[in-house]
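Trainee: Here it is, the structure in full.
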Amino acid sequence: MSSLPRPRPAVESVGLKLNENLEEFTVIWLDARIDTSADCIDTKKHLQSIINYLKTFNDSAKCIDYIKAVKEEKVFLIVSGAYGEKVVPEIENLPQIRVVYVFCQNTEKHKKWASKHRIVQDIFTNKQKLYKQLTEDVRLSDASLLSIAILSPDSKQNQVTDLNQQSVKYLWSQVLVEALLRFPSSKKAKSDMLKECRQQYYDNKREIDIIQEFDKEYCAENAIAWYTRECFLYKIVNKALRTDNIDVIFKFRFFIKDLYEELSKMHATYITSVPSIVYVYRGQYMTMKELTKIKENTQGRISMNTFLSTSTSKQTALDFVQHSTTHSSLAVVLFEIEIDSTLATKPFANIKSKSYHKEENEVLIAMGSTFFIEKVEQDKQGIWNVNLVWSSKEDVELLTYMKKSLGQSTNLETLGSLLIDMGELLKAERYFKLLLEQLPENHPSIGNTYIQMSTIGLNQSNIEKAIEYSEKAEKIFQMSYPMSHPCYGSLYLNMGRIQLLQCDVISARLNLEKAAEIFSKNAPSYDLQLAAVYIQLGNISTICGEQSKMLTELKRGLEIQLKHLPNTHPDIGITYSYLGAAQLTTGLSRDALDSFTKSWEILRKSLSPCHPKYLLTCFTLSQLYDAKKDVDKKNFYLDELFDNLPGMIAQNFGDIELMSLAASMKDGSATNKDIKILETRFKEMVTPLERAVLEFRRFTEALEALLKKNDYDSALELINKTLLYWQQKMPSGTIFLAELHYKTAYAYFKKQDLVSALSSINGAIEILPSDFPWFSKYQLLLGDIYRDEGNQKMKLNELDAALVAYTKAVNIYITYIQPPVHQTISNAYSSITKIHVRKHQFDLAKDNLFKARNSLPPNLLNSKHNLYNIERTVAYSIFRNSIKELINALDSDALEGFQKALSTFIQEMSLLSFDIASTNFFIGYLYTNMANNLLAENHFRFALESAIPKHPIRQITKEVSLEIKQQTLNFILADLLMIYSKTFEPEYVPRLHERAIFYCQKYPTALSHVKLATIYLRIGSVYQKAKNDNLAKNYLNDAYAVMPPDSKSIDKSEKPYFLELAEAQFKYADYCMTQSNFQAACPLFQKSLHIYKILIPATDPKIITIYRKLAGIYASRLDIPLAIRCLEKVVANPSFNVENYSVAAGGEAVEGVLELVCDDPAFTTI
15 MSSLPRPRPA
25 VESVGLKLNE
35 NLEEFTVIWL
45 DARIDTSADC
55 IDTKKHLQSI
65 INYLKTFNDS
75 AKCIDYIKAV
85 KEEKVFLIVS
95 GAYGEKVVPE
105 IENLPQIRVV
115 YVFCQNTEKH
125 KKWASKHRIV
135 QDIFTNKQKL
145 YKQLTEDVRL
155 SDASLLSIAI
165 LSPDSKQNQV
175 TDLNQQSVKY
185 LWSQVLVEAL
195 LRFPSSKKAK
205 SDMLKECRQQ
215 YYDNKREIDI
225 IQEFDKEYCA
235 ENAIAWYTRE
245 CFLYKIVNKA
255 LRTDNIDVIF
265 KFRFFIKDLY
275 EELSKMHATY
285 ITSVPSIVYV
295 YRGQYMTMKE
305 LTKIKENTQG
315 RISMNTFLST
325 STSKQTALDF
335 VQHSTTHSSL
345 AVVLFEIEID
355 STLATKPFAN
365 IKSKSYHKEE
375 NEVLIAMGST
385 FFIEKVEQDK
395 QGIWNVNLVW
405 SSKEDVELLT
415 YMKKSLGQST
425 NLETLGSLLI
435 DMGELLKAER
445 YFKLLLEQLP
455 ENHPSIGNTY
465 IQMSTIGLNQ
475 SNIEKAIEYS
485 EKAEKIFQMS
495 YPMSHPCYGS
505 LYLNMGRIQL
515 LQCDVISARL
525 NLEKAAEIFS
535 KNAPSYDLQL
545 AAVYIQLGNI
555 STICGEQSKM
565 LTELKRGLEI
575 QLKHLPNTHP
585 DIGITYSYLG
595 AAQLTTGLSR
605 DALDSFTKSW
615 EILRKSLSPC
625 HPKYLLTCFT
635 LSQLYDAKKD
645 VDKKNFYLDE
655 LFDNLPGMIA
665 QNFGDIELMS
675 LAASMKDGSA
685 TNKDIKILET
695 RFKEMVTPLE
705 RAVLEFRRFT
715 EALEALLKKN
725 DYDSALELIN
735 KTLLYWQQKM
745 PSGTIFLAEL
755 HYKTAYAYFK
765 KQDLVSALSS
775 INGAIEILPS
785 DFPWFSKYQL
795 LLGDIYRDEG
805 NQKMKLNELD
815 AALVAYTKAV
825 NIYITYIQPP
835 VHQTISNAYS
845 SITKIHVRKH
855 QFDLAKDNLF
865 KARNSLPPNL
875 LNSKHNLYNI
885 ERTVAYSIFR
895 NSIKELINAL
905 DSDALEGFQK
915 ALSTFIQEMS
925 LLSFDIASTN
935 FFIGYLYTNM
945 ANNLLAENHF
955 RFALESAIPK
965 HPIRQITKEV
975 SLEIKQQTLN
985 FILADLLMIY
995 SKTFEPEYVP
1005 RLHERAIFYC
1015 QKYPTALSHV
1025 KLATIYLRIG
1035 SVYQKAKNDN
1045 LAKNYLNDAY
1055 AVMPPDSKSI
1065 DKSEKPYFLE
1075 LAEAQFKYAD
1085 YCMTQSNFQA
1095 ACPLFQKSLH
1105 IYKILIPATD
1115 PKIITIYRKL
1125 AGIYASRLDI
1135 PLAIRCLEKV
1145 VANPSFNVEN
1155 YSVAAGGEAV
1165 EGVLELVCDD
1175 PAFTTI
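Using the numbering used here, the letters of the sequence shown correspond one by one to residues 15 to 1180.
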């Protein structure tokens, strides 16, 4: 096999940070007179012999900045009197400050200000006393260092977030240490460790000598002796374990492993020589805050993150903390630990025989041991007694699974994978690069390492990096494995994820399907990898909007995970977040909220609070609760996000600017603009797909705003400017482009550019799969486009083209409106009915009318009335088609022919489901058109009487029935009374007018005011023509009484009645003037004028005439100003001809008014 040259990546050494303090304490000396004199050098050496890490400053500002930057260590500050008064107030409340010593030459000078600050230990003028006090305080502080994780009881898990985070920290630290303990031993590991130690203590001769001794004499058998010796090992190892400093733990892994294994050997012997129950003790200084946390979690569990040194003697443990004066802020605590040796899962043993201090009965307990907090009480001496019992529940299900998954032996690949799972991407990358440096050419693990490096790139949203390492992995696999090997499944899965984030859906699906095929053939060993493939396929379906697939694939992957993984495994939590995202796209917001909540519950118990997946879930939940207007829950999740965002950025991205912005959120100094920037950058950071989606959403929000304002031109302009950009950015198979085409079609549709709308909506429909939930929405818009196309063709009298368009519309409606009973469908069938009526295709008209009626929901009663109008239209058409035969039959006096034609007509009405009332109504019209008012009146009356008790609407609710019945009566009664009022034959007047009045009084609400008034006016007119002035006057007065109030708008359907009313009012006013009743005439002229001004042109002679007559009335009252105003209207009218009136040049004078008025014959008596 040929060798493939492998480029060596530039490795940032996994060595520790330059000048990093590996110990717990830092001593800082601030004095303006620090120099290179022998005295200063001697002082520095003495200080370093107590605390190795020494920093000196002669600038107070730089000193303060440095102290504020310290995160993990405790600081002992030695400050001159001159600087102390200024510096101490600025730093005394910092948690990293342990003690301040004022070192000066004049105690009295500084005693006053120093006494005001509790953090000041004392004022020293003697160096030896300072050294002694510093030594004692370091010993005291060292005794107060206890690295614990409080694992709260289950009942409190939902209330104590910080404790839950400690549980997660404990979980991962256990897995990490377990992985390091399984690393194979090597001389290089020891060499790497000592290199770091020499760098740390390069100017500390005592420690350098001990390091040299260790290098020459160390062996695994004396690991305990070296750990218990007061030297660099104890200090560094304990701090590294306490702070979970992975890099330091890794460097010291060989020693930690030796120590653990040596303790395990001693444990095996020890438990055979002691009772099953062993009691050990530890004296400890603790802050009240730490003690309170333990006290509040009684009945919970506590885990020791470091090796725990205890004594078999209670008094010895107490002596350790009681022989010196304690700091006022520290409590004296005695831990009494009960160990059941038969249940212990971690090694512990009395190490006296191997300890550096042979005189002590020290029992050393291994790191990661957990204990049950039984009780916490304070005794009479003020000592807090904390009773602990060894817990046998330390290996929870998830921890057990993760330890088991490590295998018997681990390496850098295992460590790197763990760090990826922990969300420590930058550290993971460093260890994978180190692994690549160590592996020989063509080693099988190289390809897998490249896949892991590609995964890191994906999680950092660095697609270029992800592609680079994926391609390298493929080259290695091609040289080493057949195409069916599972490593290709991992490769295709990784490539699919990359392409998915690039929105290259087609390629992503292709590669994921290849991965699924390979993993399926290698099942069940690769079931979890197969689950990962299904989940990514589900994500693709989510993006493409394939509803039938997205939930199925995601649930299929989840089912496999639930079968093989503990319920609290982070992979399950992440899958629930994907499921929630899919549910959101289908409108299942409640289900989505449930899924994201499950995700959050799992991830908060299994991932670091700084993990990107956990924070993304927090962010999504904040957005969901924002949509629900639940401000408290929204802020809860946002606080969780912003509190942990700086750590996430530091661990995974190293973006200093963004870290600063996140820190401003934490300290409350961020502006609203900062918050928006941070939210946006966070989403962009977590996944580039989210970035693309976010960008598209911003665009669609702007587009939606324009559409809501009905600004369709601007909307289309925006679309046209960006369409090419989105087509290049998004693959052709995404929902985003389909939605863009849909909105384009909608804008064109609203502009009635139906050709462009049709083209755009077809583009959207071509993209979407038919099972996508929005597919029906797109189809219905297509139906509306065809419907409006039919309307346009109808206006142009292009009946065939209109019929084609309406037919397409109705076919879409009945397919995508389920069930197919809807007003939209009914309206479409009604439009088709009208076309067939106009084409005299009455059979087809009736068929479609039946469909219109059957597709209308029964609850849409108002629409049913509208449908009744269509039915009447069809009936009118049939009537018009039949009327010639009927009239011809009458003209020929062939009664048999007439009856046959009439029978056919009645049968047609029956087929259309018309009742007796409606049929007689049409026959009444027939006789009206034949000028046979008596026969017409009979049929109208019969129709009216039949409509009331037998109308089909009666079967519906009473309230609606009355409303519809009155509308039906309007049709019948109005036409009937019009016949009565139009009949001028004197012999019929008495009977007809009585019949008309009878119906008017019997059904007063069946007619509008204007129609009723018009009927009374007509009857009055009949009596005027019959020279019966008294009856005429009575009915004209009745008309006046029911006349409608003035209205600025008139219904078009009542326009003829209003015109007739205005004419009747005018004539009645004229009649009043003949009776010299100017008082009655004036309001009638005014009402008539009001109607004419709305309905007829302003230049109509009738308007000029009314103004002239009103001027005459006002003049008769000597109301000259009103008379002049009316005449001004006359003169200003364009149709006024001055030659027809004898108005002098000074026509504005009263004489001119009277002269003009006297031209009117009605005023000859004035």
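Yeah, the Cβ is synthetic: ideal placement off N, Cα and C, and Gly gets one too.
#1: Counting beta carbon pairs with one atom in the segment 192 to 207 and one in the segment 289 to 302, are three or more of them shorter than 8 Å?
#2: Taking the alpha-carbon positions, what's the residue 1090 to residue 1111 distance?
#3: Can you tell which of 634, 830 and 110 has the C-alpha that lies nearest to the C-alpha of residue 611?
#4: Let me know the secondary structure DSSP gives residue 1090 once reduced to three states.
#5: Suppose you measure from the CA of residue 295 to the CA of residue 595; what does that come to, to the nearest Å?
#6: Considering only C-alpha positions, which residue in the set 569, 642, 578 and 572 is nearest to residue 604?
#7: Using the Cα positions of residue 324 and residue 538, report the straight-line distance between them to the nearest angstrom.
#8: What three-state label does DSSP hand residue 318 in the structure shown?
#9: Is it the case that the segment 96 to 112 contacts the segment 128 to 146, given that we only count it when at least three CB pairs across the two stretches are under 8 Å?
#10: Excluding the five sequence neighbours on either side, which residues of its own chain have a C-beta within less than 6 Å of the C-beta of residue 33, listed in chain order?
#11: Measuring alpha carbon to alpha carbon, tell me which residue in 439, 544 and 1045 is nearest residue 532.
#12: Would the segment 297 to 305 count as touching the segment 224 to 234 if we require 3 or more Cβ pairs under 8 Å?
#13: Using only CA atoms, which one of 449, 98 and 241 lies nearest to residue 42?
#14: Taking only the alpha-carbon atoms, compute the straight-line gap between residue 586 and residue 576 and give it to the nearest angstrom.
#15: Skipping 5 residues on each side, what residues in its chain have a beta carbon closer than 7 Å to that of residue 541?
#16: Entirely within the segment 223 to 285 and at least 4 residues each: give me those alpha helix (DSSP H) ranges in chain order.
#17: Quick one: residues in its chain with C-beta nearer than 6 Å to the C-beta of residue 741, no 5 flanking neighbours on either side, listed in chain order?
#18: Which ranges does the alpha helix (DSSP H) cover as unbroken runs of at least 4 residues, wholly within the segment 1101 to 1143, from first to last along the chain?
#19: Might you give, ordered along the chain, the residues of its own chain that have their beta carbon closer than 7 Å to the beta carbon of residue 206, omitting 5 neighbours on each side?
#20: For the beta strand (DSSP E) containing residue 299, name the first residue and the last one.
#21: For residue 590, collect the residues of the same chain with a Cβ closer than 8 Å to its Cβ; drop the 5 residues on either side in sequence, then sort them by chain order.
#22: Which whole-angstrom value is the C-beta distance of residue 1103 and residue 1117, which I expect to be below 8 Å?
#23: From residue 764 to residue 776, what distance separates their C-alpha atoms?
#24: Give a yes or no on whether 9 Å exceeds the smallest Cβ distance from residue 752 to chain D.
#25: Just to confirm before moving on: does the CB-CB distance between residue 363 and residue 257 stay below 9 Å?
#26: State the start and end residues of the unbroken beta strand (DSSP E) segment that holds residue 472.
#27: What whole-angstrom Cβ distance do residue 84 and residue 40 have, given they're in contact under 8 Å?
#28: Just tell me which of 498, 865, 850 and 285 has its CA closest to the CA of residue 836.
#29: What does a CB cutoff of less than 8 Å around residue 484 pick up in its chain, not counting 5 residues either side in sequence?
#30: Given a threshold of 16 other Cβ atoms within 10 Å of its Cβ, counted over all protein chains shown, does residue 396 qualify as buried or as exposed?
#31: Exposed or buried, what is residue 376 when buried is set at 16 or more other beta-carbons lying within 10 Å of its beta-carbon?
#32: Excluding the five sequence neighbours on either side, which residues of its own chain have a C-beta within less than 8 Å of the C-beta of residue 78, listed in chain order?
#33: By DSSP, does residue 366 sit in helix, in strand, or in coil?
#34: With respect to the alpha helix (DSSP H) encompassing residue 132, which residues constitute its N-terminal and C-terminal limits?
Mentor: The structure says:
#1: no
#2: If you number the sequence shown from 1, residue 1090 lands on position 1076. If you number the sequence shown from 1, residue 1111 lands on position 1097. Cα to Cα, residue 1090 sits roughly 30 Å from residue 1111.
#3: The residue labelled residue 611 in the question sits at position 597 within the sequence shown. Measuring from the Cα of residue 611, the nearest candidate turns out to be 634.
#4: By one-based count along the sequence shown, residue 1090 stands at place 1076. Residue 1090 falls in the coil class under three-state DSSP.
#5: Taking the sequence shown and counting its residues from 1, one reaches residue 295 at position 281. Taking the sequence shown and counting its residues from 1, one reaches residue 595 at position 581. Approximately 52 Å between the Cα atoms of the pair.
#6: On the sequence shown, residue 604 is found 590 positions in, with the first residue counted as 1. Per the Cα distances, 642.
#7: For this step, residue 324 is matched to residue 310 along the sequence shown. For this step, residue 538 is matched to residue 524 along the sequence shown. Answer to the nearest angstrom: the Cα atoms are 47 Å apart.
#8: For the purposes of this step, residue 318 is taken as the residue at position 304 of the sequence shown. DSSP places residue 318 in strand when its eight states are reduced to three.
#9: yes
#10: In the sequence shown, the residue the question calls residue 33 occupies position 19. Same-chain partners within the cutoff: there are none.
#11: On the sequence shown, residue 532 is found 518 positions in, with the first residue counted as 1. Comparing Cα positions, the closest option is 544.
#12: Judged by Cβ distances under 8 Å, the segment 297 to 305 makes no contact with the segment 224 to 234, as fewer than three pairs qualify.
#13: Numbered from 1 along the sequence shown, position 28 holds the residue referred to as residue 42. Ranking the options by Cα distance to residue 42, first place goes to 98.
#14: In the sequence shown, residue 586 corresponds to position 572, counting from 1. In the sequence shown, residue 576 corresponds to position 562, counting from 1. C-alpha separation (whole angstroms): 7 Å.
#15: As a working note, residue 541 is residue 527 in the sequence shown. So the list reads 574 and 578, once near-sequence residues are dropped.
#16: 237 to 242, 246 to 257, 260 to 265 and 267 to 284
#17: As a working mapping, residue 741 is identified with position 727 in the sequence shown. Contacts found: none.
#18: 1115 to 1130
#19: Locating residue 206 in the sequence shown gives position 192, counting from the first residue. So the qualifying residues of the chain are 265.
#20: Working through the sequence shown from its first residue, we reach residue 299 at position 285. Residues 291 to 301.
#21: Numbered from its first residue, the sequence shown carries residue 590 at position 576. The answer, listed in chain order, is 572, 609, 610, 612, 613 and 616.
#22: Taking the sequence shown and counting its residues from 1, the one referred to as residue 1103 is at position 1089. Taking the sequence shown and counting its residues from 1, the one referred to as residue 1117 is at position 1103. With 8 Å as the limit, residue 1103 and residue 1117 qualify as a contact, their Cβ atoms being about 7 Å apart.
#23: For the purposes of this step, residue 764 is taken as the residue at position 750 of the sequence shown. For the purposes of this step, residue 776 is taken as the residue at position 762 of the sequence shown. Taking the straight line from one Cα to the other gives about 16 Å.
#24: Any reference to chain D falls outside this structure, which holds one protein chain only.
#25: Reading the sequence shown from its first residue, position 349 is the one you call residue 363. Reading the sequence shown from its first residue, position 243 is the one you call residue 257. Going by beta carbons, residue 363 and residue 257 fall outside the 9 Å limit.
#26: Taking the sequence shown and counting its residues from 1, one reaches residue 472 at position 458. Not the beta strand (DSSP E): residue 472 falls in the alpha helix (DSSP H), residues 458 to 473.
#27: Taking the first residue of the sequence shown as 1, we reach residue 84 at position 70. Taking the first residue of the sequence shown as 1, we reach residue 40 at position 26. About 7 Å separates the two Cβ atoms, so the contact holds.
#28: Along the sequence shown, one-based indexing puts residue 836 at 822. For residue 836, the nearest C-alpha among the options comes from 865.
#29: Start at 1 with the first residue of the sequence shown, and residue 484 comes out as number 470. 464, 465, 468, 505, 508, 509 and 512.
#30: Numbered from 1 along the sequence shown, position 382 holds the residue referred to as residue 396. When all chains shown are included, residue 396 counts as exposed.
#31: Walking along the sequence shown from the start, residue 376 turns up at place 362. Buried.
#32: As a first step, residue 78 is located in the sequence shown; it is residue number 64 there, counting from the start. Correct list, in chain order: 101, 104 and 105.
#33: The residue labelled residue 366 in the question sits at position 352 within the sequence shown. Here residue 366 sits in coil by DSSP.
#34: Counted from its first residue, the sequence shown places residue 132 at position 118. Premise fails: residue 132 is in no alpha helix (DSSP H) and is neither H nor E.
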